[in-house]
Amino acid sequence: MMSEVVLRTENLFYKYPSRQDYALLDVSLEIKKGEFVAIIGQNGSGKTTLVKHFNGLLKPTRGQVIVEGQDTKDIPTSELARSVGYVFQNPDHQIFADSVKEEVVFGPKNLGYDEERIEAAYQRVIQEMDLEGFDDEMPFQLSRGQRQRLAVASVLAMEPTILMVDEPTTGQDWKESMALMKLVKQLNDRGHTCIVTTHSMNLVSLFAKRVIVMREAQVFMDGSTQEVFSQVEQIKNAGIKPPEVYFLARDLLPEFNLDRPLTPEILADLLLTH
Amino acid sequence: MAFVLQMLEMGKLKSPIHQLDPRAKLLWWLGMVIVPILVTNPFILLGFTIWVWVMAFIAKVARRMYKFLIVTYPVMIGFIMLTWPFFYEATEGQNYLFQWGILHCSVQGIIYALAMGMRIIMALTACTFFVMTTDLMGLASALGEFMQNKLGISYMYPLMVISSFKFLPELSGDYLTITDSFRSRAMDIDTGSIAQRFRKTIPVAVPLIDSMLRRAMRISIALELKAFDVDNKSRTFYEQYRFQGRDVLFAMTGLLSVGIGILAIVLDIAKVEMYL
Amino acid sequence: MPIIELEQVSFTYKEGSKPALTGIDLEINEGEFVGIIGPTGAGKTTLCWAMIGVVPQILRGEFDGRVEVKGLPSNTTPVAQIAQVIGLVQQDAEAQLLMTDIEKEITFPLENLSIPRHEIDRRMNYVLDLVKLRENRQRHPFYLSGGQKQRVAVAAVLAMEPDVLVLDEATSELDPVGAEEIHNLAGDLKQKGKTIIMVEHNIDELARHADRIIVMDQGKIMRNAPTREVLSDVDFLISLGIYPPQVTQVAYTLMKESGKHFDELPITLEEGEAVFSAMREA
Numbered sequence: 001m002m003s004e005v006v007l008r009t010e011n012l013f014y015k016y017p018s019r020q021d022y023a024l025l026d027v028s029l030e031i032k033k034g035e036f037v038a039i040i041g042q043n044g045s046g047k048t049t050l051v052k053h054f055n056g057l058l059k060p061t062r063g064q065v066i067v068e069g070q071d072t073k074d075i076p077t078s079e080l081a082r083s084v085g086y087v088f089q090n091p092d093h094q095i096f097a098d099s100v101k102e103e104v105v106f107g108p109k110n111l112g113y114d115e116e117r118i119e120a121a122y123q124r125v126i127q128e129m130d131l132e133g134f135d136d137e138m139p140f141q142l143s144r145g146q147r148q149r150l151a152v153a154s155v156l157a158m159e160p161t162i163l164m165v166d167e168p169t170t171g172q173d174w175k176e177s178m179a180l181m182k183l184v185k186q187l188n189d190r191g192h193t194c195i196v197t198t199h200s201m202n203l204v205s206l207f208a209k210r211v212i213v214m215r216e217a218q219v220f221m222d223g224s225t226q227e228v229f230s231q232v233e234q235i236k237n238a239g240i241k242p243p244e245v246y247f248l249a250r251d252l253l254p255e256f257n258l259d260r261p262l263t264p265e266i267l268a269d270l271l272l273t274h
Numbered sequence: 275m276a277f278v279l280q281m282l283e284m285g286k287l288k289s290p291i292h293q294l295d296p297r298a299k300l301l302w303w304l305g306m307v308i309v310p311i312l313v314t315n316p317f318i319l320l321g322f323t324i325w326v327w328v329m330a331f332i333a334k335v336a337r338r339m340y341k342f343l344i345v346t347y348p349v350m351i352g353f354i355m356l357t358w359p360f361f362y363e364a365t366e367g368q369n370y371l372f373q374w375g376i377l378h379c380s381v382q383g384i385i386y387a388l389a390m391g392m393r394i395i396m397a398l399t400a401c402t403f404f405v406m407t408t409d410l411m412g413l414a415s416a417l418g419e420f421m422q423n424k425l426g427i428s429y430m431y432p433l434m435v436i437s438s439f440k441f442l443p444e445l446s447g448d449y450l451t452i453t454d455s456f457r458s459r460a461m462d463i464d465t466g467s468i469a470q471r472f473r474k475t476i477p478v479a480v481p482l483i484d485s486m487l488r489r490a491m492r493i494s495i496a497l498e499l500k501a502f503d504v505d506n507k508s509r510t511f512y513e514q515y516r517f518q519g520r521d522v523l524f525a526m527t528g529l530l531s532v533g534i535g536i537l538a539i540v541l542d543i544a545k546v547e548m549y550l
Numbered sequence: 551m552p553i554i555e556l557e558q559v560s561f562t563y564k565e566g567s568k569p570a571l572t573g574i575d576l577e578i579n580e581g582e583f584v585g586i587i588g589p590t591g592a593g594k595t596t597l598c599w600a601m602i603g604v605v606p607q608i609l610r611g612e613f614d615g616r617v618e619v620k621g622l623p624s625n626t627t628p629v630a631q632i633a634q635v636i637g638l639v640q641q642d643a644e645a646q647l648l649m650t651d652i653e654k655e656i657t658f659p660l661e662n663l664s665i666p667r668h669e670i671d672r673r674m675n676y677v678l679d680l681v682k683l684r685e686n687r688q689r690h691p692f693y694l695s696g697g698q699k700q701r702v703a704v705a706a707v708l709a710m711e712p713d714v715l716v717l718d719e720a721t722s723e724l725d726p727v728g729a730e731e732i733h734n735l736a737g738d739l740k741q742k743g744k745t746i747i748m749v750e751h752n753i754d755e756l757a758r759h760a761d762r763i764i765v766m767d768q769g770k771i772m773r774n775a776p777t778r779e780v781l782s783d784v785d786f787l788i789s790l791g792i793y794p795p796q797v798t799q800v801a802y803t804l805m806k807e808s809g810k811h812f813d814e815l816p817i818t819l820e821e822g823e824a825v826f827s828a829m830r831e832a
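Protein chains in written order, with the numbering used here: chain A, 1 to 274; chain B, 275 to 550; chain C, 551 to 832.
What follows is the structure in structure tokens.
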């Protein structure tokens, strides 16, 4: 069954006003409904610039970005928020309200959803993000992990079909990062298209099904997680180091073709059986 | 933001003017902003302005000054021309262009406005030249040394100025990120009436101030870790500035300029009124 | 005598509801490379601050116990003085860089210490070479990458010639390339005999350099033992929400599920390759 394309860029070029060189050079890609994509690359490779085009924060210098069939040039960012949710790296850069509830309903209210819909959405995301019982709490009293989940809840309340999360692991330990990524995976299982930018290759390997590697303003590699991470030498050129298990696989199981991302357990099994 | 940083970088270029002691340039600059206060004769002011441009060529900043001033000059002049002529109290015997009740404008009014414009042009040109040829951070440091060693004032104040220049791009970056995050939640701060936009600044201000406070806390710890002591009056200053002959000469030109201004007043040719 | 000594140190922040540190006993000896790991809230940063006196002098609260740095008590000796023994590099590079170019950043702490000009010159050239940032010395930090900014922060700290360098999650906000630059730098410094304490989430890199690892959780030290010993205890690490090196996880799985035997669990990639090749040949 062919899934529909929800996000598409066509020959996308972007140049920041104050800079000389292009931040994005001729980027053409398609993301289909229900995909779980990780976009990785060094700082300055263009990954954040690319992702900001998806919800219209940036408009192309040349080329097109089409979100759910509409050209982003024709729609203001505030409208695109209906389809594309963007969770920023630092929750403290967006939290402003006096209470958790006020924070979460802010987005849907701006979009003009009716009371019933907002209330239903609120109850749902609070439960999904494990923030029950905090309705009247001041957001700044919550722990960092809770504030992160609050930020995600605030975005989910707008009911976007596409969810983008920027660097969810900054300032988080492994357990917290895993918890957040598991939430994203649950949303993906429920049909949301999920796009994550991150520096943690371990997490990418555990959750993403597709990996796009950015390098010097261009798409350098694009394929399934196991495809991309297996090319250990090639990916080095983008300043990326795949998880250790891929190095082990390359040296100890050179002939083997992976059909899914590698984990320590899977590798242990393969070492015994091949 | 990149503009501010470029200005800082320009102060570090190489040219006969750049190599002068920043304190000498400061004194020169003081002179050049006093002159337009004393003198309103547009021709004298024009002469000074041309002189600054000549020095701009020597300092190799002429092209960049041009890029900046080609936009700023017209804005300044435009503003002046649209306001001053209407405030000039024309007297008997002067040529009115029109008169609608309290609103009036005369030829003399226009000449007067041009003279006022010239004052601003001269000051603006001198300021731009100063900023583009002086290592401002070096100046802050040199003044800091003077203040500490000769006046017993703590280095803290120049330090705050220098640090502000370091953090400016970040604050602006934070502001951008914060407004982006609000845009992503369907609140665009750039649209709407004045009243609407004003109301929108409140949610934006909260995370902005929060990030500023957090940063301030970390900076205060960083200062301790870098052994900064407000009371240390024997602090070393790495950058050395020594007034040489050519620095004295350059500072003197500032003084000379003021002298010319005073001379003009004495000779009764300093004011634009002589042409009206 | 150890360079840093903590005896029964407990601390609760003024606005804190529970203790950030409880009963900490710790010794750091000269030349050691000590890694500190643990989940968020374990007290790792508070521990760093306690060593350097920021806790309790700047960040106030209830402080118990004794901390001595080269014999100096940390709760009464001025922080600026302790900072000359312990250099701290923090997570956020931006908040540590205060000046408008790299040179000024390095000379600033030295000026504060009233060090004479020629000595400042010597130290500056030395540390710029060490962190490999000799060109660009006049650049505003805005133009530097994250990794470069942290290298500047490290240079400014090293210029003060501290006995101990503490890196508190210095790579957390960096991309892989930047993080690698800092880890390589730490490795270089270790070779030169510097005492290093590194708080890290990236266990793989710590496995390469650390002599000893301290595991913290909820304000307490849960384990304080040689690197291999700590990283081999896979169950323990996972119970605390710490992700052990994948190499170690693979070996552990083989051991547990298939009864394979390893004299020592591998903790680095090279060890893993050797051990697993040998296993397959057998």
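Cβ atoms here follow ideal geometry from the backbone N, Cα and C, with glycine treated the same way. Predicted model, so just to flag it, every value in this text is computed and none were measured.
Three or more Cβ pairs closer than 8 Å define a contact, and the stretch 150 to 164 of chain A meets that threshold against the stretch 127 to 137 of chain A. For the stretch 87 to 104 of chain A, residues whose beta-carbon sits nearer than 7 Å to a beta-carbon of chain B comprise Phe88, Asp92, His93, Gln94, Ile95 and Phe96.
If you draw a 10 Å sphere on the C-beta of C:Arg672, you find fewer than 16 other C-beta atoms in it, and that means exposed. Residue contact check for C:Val702 against chain A: no CB pair falls below 8 Å. For the pair B:Gly391 and B:Ile351, the CB atoms are nearer than the 8 Å cut-off.
Straight-line measurement puts the Cα of B:Pro477 at about 42 Å from the Cα of C:Ile764. CA-CA distance, A:Asn188 to C:Ile553, rounds to 51 Å.
Residue pairing of A:Cys194 in beta bridges, as defined by DSSP: A:Phe36 and A:Leu163. The beta carbon of C:Ile792 sits closer than 8 Å to some beta carbon of chain A. For a Cβ distance threshold of 7 Å, residue set Ile436 and Lys440 of chain B lies close to C:Met649, ordered along the chain. Judged by DSSP in its simplified three-state form, A:Thr170 adopts coil rather than helix or strand.
Look at the stretch 59 to 85 of chain A: the residues with a C-beta under 7 Å from a C-beta of chain B are Pro76, Thr77, Ser78 and Ala81.
In this structure, C:Gly588 lies near C:Asp767, with their beta-carbon atoms less than 8 Å apart. In the structure shown, the three-state DSSP call for B:Asp521 is helix. Interface flag for B:Ile452 against chain A is set, since a Cβ pair is found closer than 8 Å.
Counting of Cβ neighbours within 10 angstroms places C:Pro691 among the buried residues, the total reaching 16 or more.
For B:Glu363, no alpha helix (DSSP H) segment is defined, and its DSSP state is neither H nor E. A direct Cα-to-Cα measurement between B:Leu371 and B:Met548 gives close to 20 Å. Annotated three-state conformation of B:Thr475 is helix, per DSSP. Around the Cβ of C:Glu750, a 10 Å sphere holds 16 or more other Cβ atoms; the residue is buried. Secondary structure of B:Gln382 (DSSP, three-state): helix. Residue pairing from DSSP places C:Pro623 in a beta bridge opposite C:Glu618. Residue environment: B:Leu497 is assigned as buried (16 or more neighbouring CB atoms within 10 Å of its CB, all protein chains considered). Its Cα nearest to that of B:Phe403, the residue B:Pro296 stands out among B:Pro296, B:Val532, B:Leu442 and B:Ala538. For the options A:Arg250, A:Leu111, A:Gly239 and A:Val100, the alpha carbon positioned closest to that of A:Glu227 is the one of A:Arg250.
About 11 Å separates the beta carbons of A:Glu30 and A:Val65, which is beyond the 8 Å limit, so they are not a contact pair.
Below 8 Å, too few C-beta pairs join the stretch 562 to 580 of chain C and the stretch 412 to 428 of chain B to call them touching: fewer than three.
The Cβ atoms of C:Val605 and C:Phe561 sit closer than 8 Å to each other. For C:Ser567, there is no enclosing alpha helix (DSSP H), since its DSSP letter is neither H nor E. When Cβ pairs closer than 8 Å are counted between the two stretches, the stretch 516 to 536 of chain B is seen to touch the stretch 290 to 310 of chain B, the count reaching three or more. The bridge partners DSSP lists for A:Leu12 are A:Val27. Your pair A:Leu248 and A:Leu272 does not check out as a contact, with CB atoms roughly 13 Å apart and the cut at 8 Å. Chain A places no beta carbon closer than 8 Å to that of C:Phe583, leaving this residue out of the contacts. Around the beta carbon of C:Trp599, 16 or more other beta carbons sit within 10 angstroms, so the residue counts as buried.
Pairing A:Leu252 with B:Met275, the inter-Cα distance amounts to about 52 Å. Within the stretch 146 to 175 of chain A, the residues whose Cβ lies closer than 8 Å to any Cβ of chain B are, in chain order, Ser154, Val155 and Met158.
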